[in-house]
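Enquirer:
Residue numbers (the working numbering), protein chains in the order written: chain W, 1 to 341; chain S, 1 to 341.
(1) Provide the residue(s) that pair with residue 292 of chain S in DSSP beta bridges, ordered along the chain.
(2) Please list, in chain order, the residues of the segment 150 to 176 of chain S that have any C-beta partner in chain W closer than 8 angstroms.
(3) Helix or strand or just coil, what does DSSP make of residue 237 of chain S?
(4) So with CB distances below 8 angstroms, who are the chain W contacts of residue 222 of chain S?
(5) Could you give the distance in angstroms between the alpha-carbon of residue 261 of chain W and the alpha-carbon of residue 107 of chain W?
(6) So, does the segment 226 to 236 of chain S touch the segment 115 to 129 of chain S, judging by three or more C-beta pairs under 8 angstroms?
(7) Where do the ends of the beta strand (DSSP E) carrying residue 264 of chain S lie?
(8) Residue 284 of chain S CB to nearest chain W CB: under 9 angstroms?
(9) Against chain S, with Cβ distances strictly below 9 angstroms, would residue 259 of chain W count as a contact?
(10) Given a limit of 7 angstroms on CB to CB distance, which residues of the segment 289 to 319 of chain S reach chain W?
(11) Chain W partners of residue 321 of chain S, CB-CB under 9 angstroms?
(12) Check the Cβ-Cβ distances between residue 281 of chain W and every residue of chain S, and say whether any is below 9 angstroms.
(13) When the Cβ atoms of the segment 194 to 208 of chain W are set against those of the segment 177 to 186 of chain W, are three or more pairs found closer than 8 angstroms?
(14) Which residues does DSSP list as the beta-bridge partners of residue 224 of chain S?
(15) Out of S/255, S/195, S/92, S/134, point me to the one whose CA is closest to residue 81 of chain S's CA.
(16) Quick one: what's got a C-beta closer than 6 angstroms to residue 247 of chain W's C-beta in the same chain, skipping five residues either side?
(17) Whose C-alpha, out of W/220, W/326, W/264, is nearest the C-alpha of residue 253 of chain W?
(18) Please determine, among W/114, W/291, W/224, W/85, the residue with the shortest C-alpha to C-alpha distance to residue 99 of chain W.
(19) Indicate whether at least one CB of chain W lies closer than 9 angstroms to the CB of residue 128 of chain S.
(20) What separation, rounded to the nearest whole angstrom, lies between the Cα atoms of residue 332 of chain W and residue 77 of chain W?
(21) Quick check for students: name the residue ranges of the beta strand (DSSP E) that lie wholly in the segment 149 to 206 of chain W, counting only runs of 3 or more.
(22) Do we get a CB-CB distance below 9 angstroms when we pair residue 123 of chain W with the residues of chain S?
(23) Go to residue 73 of chain S, then tell me how far its beta strand (DSSP E) extends in each direction, as first and last residue.
(24) Note down, in chain order, each residue of its chain lying with its Cβ closer than 7 angstroms to the Cβ of residue 163 of chain S, except the 5 sequence neighbours on either side.
(25) Chain S partners of residue 217 of chain W, CB-CB under 8 angstroms?
(26) Around the Cβ of residue 32 of chain S, are there at least 16 other Cβ atoms within 10 angstroms (buried) or fewer (exposed)?
(27) Between residue 55 of chain S and chain W, is any beta-carbon pair separated by less than 9 angstroms?
(28) Quick one: residues in its chain with C-beta nearer than 8 angstroms to the C-beta of residue 42 of chain W, no 5 flanking neighbours on either side, listed in chain order?
(29) So if DSSP puts residue 41 of chain W in a beta bridge, which residue, or which two residues, is it bridged to?
(30) Are the beta-carbon atoms of residue 285 of chain W and residue 263 of chain W separated by less than 9 angstroms?
(31) Please confirm whether residue 232 of chain S has its beta-carbon closer than 9 angstroms to some beta-carbon of chain W.
(32) Does the beta-carbon of residue 146 of chain S have 16 or more other beta-carbons within 10 angstroms, so that it is buried, or is it exposed?
(33) So with CB distances below 8 angstroms, who are the chain S contacts of residue 225 of chain W?
(34) Hey, is residue 282 of chain S close to the ligand SAM, as in C-beta under 8 angstroms from one of its heavy atoms?
(35) Compare the C-alpha of residue 343 of chain S against each of S/169, S/216, S/197, S/140 and name the closest.
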């Protein structure tokens with residue numbers, strides 16, 4: 001490879017093509033690019049704010065210019081990059097795992113919250129509260145190696161289906177948000193996920209689905225331990241919460257994992273409030289955005305009263321803080337990938 | 001910008017230059033590149049192993065080819081990227097901070113370990129042991145915001161000098177290792193620091209000195225807390241250890257922060273043993289390396305008996321595990337940057 005010589009005629013042709021390409025790129029107006037990157041967004045104030053922000057921080061002649069190393073963008077996952085109704089997808093995973101493991105645990109037939117899960121009694125599951133959830137997390141997320149856990153998640157993602165849309169959960173990811181992630185990366189941003197979800201759960205699909213590599217995923221975690229088993233090192237998952245990456249935990253996680261303040265943050269619930277506050281309350285150009293779930297037809301409509309993804313303080317303070325409230329109904333041409341219908 | 005048209009003569013000239021450049025790159029043998037990247041390394045087995053490894057994992061026709069996303073390389077810091085004698089540089093920072101803060105703490109004059117620090121009695125400091133160290137860490141590393149801590153570290157780095165070399169500590173970084181970091185990055189590797197040192201301490205200089213951005217620095221940490229003070233969000237540093245990134249903590253930190261197993265690990269002490277073990281004990285091409293401090297003239301000579309950076313198990317097992325022991329004396333043409341003498 002590389003040692004072949006070009007015939008003069010061939011070389012002239014390549015030469016011409018190269019120059020044409022360089023000139024075409026140089027002469028293309030910047031705005032054309034932006035429009036092409038976000039085809040699933042309707043024209044309107046939200047899209048305009050995003051494009052203006054990206055253009056101003058990447059334009060070296062702008063007083064708002066930000067060097068590439070500092071172009072950090074953080075995204076919540078549940079309800080921001082993919083659907084979170086009728087329950088967090090990771091909770092659907094937990095319930096399915098409880099059912100799958102039940103044959104090895106006869107005692108679960110008479111013990112809540114497992115008994116309620118096996119009977120399909122969601123009110124009983126809910127009644128078990130946080131303590132019940134932690135018990136189920138310990139039973140389904142711990143006691144195996146990190147590699148084993150990843151395999152279990154991957155297999156579940158390949159087979160489980162969303163109850164309403166009858167699609168794999170990874171297809172319940174928002175097309176406009178995936179376009180935005182790509183658009184930001186094409187403009188020198190480093191994109192991170194900062195979610196209350198389990199970090200090892202999300203890392204199984206984040207790279208393939210969002211283009212976000214595992215090392216740019218920040219989430220809740222349980223304790224782990226290094227062990228050598230028969231000469232093979234493993235990371236063992238322990239039944240103990242280590243870090244809850246939600247609310248005030250999000251800026252803490254950002255500071256711990258990234259070590260500098262983002263300039264763009266995108267969330268959808270009050271669990272993202274502190275992340276947006278931290279991102280936007282500092283000098284220099286900053287952008288905070290909130291997905292507002294107001295589209296019961298194509299997705300779900302919920303905000304102030306919802307037990308999942310409640311959005312109250314964010315709606316009240318968005319205008320005063322200059323945050324963009326993105327209407328799923330009005331701002332998104334489509335919610336999911338094309339080819340669904 | 002970009003709307004200016006080239007005169008035909010100018011265009012032909014640009015055209016010729018572009019083609020010449022493309023051909024030059026295509027015809028350049030790959031080995032020339034490698035040699036140019038590591039000028040501070042002597043020719044020999046260590047350098048050859050590094051170059052062979054990098055070439056084999058980046059050659060798409062090789063059976064050892066590794067896709068760029070999986071080219072993760074991890075480096076210890078103290079004793080691997082910079083000098084760690086006569087004491088960890090972060091400990092020098094702690095002692096200097098105790099002295100700087102002493103006027104505000106009259107009680108330290110009679111209370112160890114502070115009293116010993118102020119009297120310059122290093123034996124007394126050592127006698128205070130781990131408990132004494134934690135007390136000093138709490139007094140010097142906590143009780144301020146993350147931003148304030150970064151400013152204090154930056155100011156110290158700008159003014160403090162190494163006792164033997166009379167240079168800023170950031171100049172005590174190893175030229176061959178900085179070349180290796182650049183060489184790896186030029187070959188699609190993502191380079192991480194994984195150190196027992198404080199993560200926020202290292203992040204102050206890692207990008208400028210090593211080209212490693214803050215989000216690729218993993219280290220020990222103390223707990224932090226999010227707070228809004230007069231409308232301004234801050235990350236507050238608390239006097240409580242959160243994570244010790246040493247020994248078996250290193251693979252745990254790698255799994256937590258990166259989420260996938262590295263293919264190259266470089267350390268210098270038994271604190272790095274588990275990181276090298278974890279990195280190299282898995283299928284596929286893998287490389288483990290150890291800096292051996294055998295150069296008392298240009299740097300320091302120490303291994304099995306040293307209290308700082310003890311290297312015993314690593315030396316005993318390197319051959320059996322296929323790890324490369326890099327001799328500072330023989331393998332490095334120079335230790336620090338040129339222009340020192």
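Note that CB positions come from ideal geometry on N, CA and C, so glycine has one too.
Expert: Taking the coordinates as given:
(1) S/327
(2) none
(3) strand
(4) Here the premise fails: no neighbours, minimum Cβ distance about 10 angstroms.
(5) 48 angstroms
(6) no
(7) 264 to 267
(8) no
(9) yes
(10) none
(11) Under the 9 angstroms cutoff, chain W gives no residues; its nearest Cβ is about 11 angstroms from residue 321 of chain S.
(12) yes
(13) no
(14) S/237
(15) S/195
(16) 271, 274
(17) W/220
(18) W/114
(19) no
(20) 17 angstroms
(21) 190 to 198
(22) no
(23) 72 to 75
(24) 86
(25) 259
(26) Unreliable placement is indicated for residue 32 of chain S, whose pLDDT of 45 sits below 50; the coordinate value is still reported in the next sentence. Result: exposed.
(27) no
(28) 330, 331, 332, 333
(29) W/332
(30) yes
(31) yes
(32) buried
(33) 248, 252
(34) This structure simply doesn't include the ligand SAM, nor any ligand for that matter.
(35) There is simply no residue 343 of chain S to check, as chain S begins at 1 and stops at 341 in what is shown.
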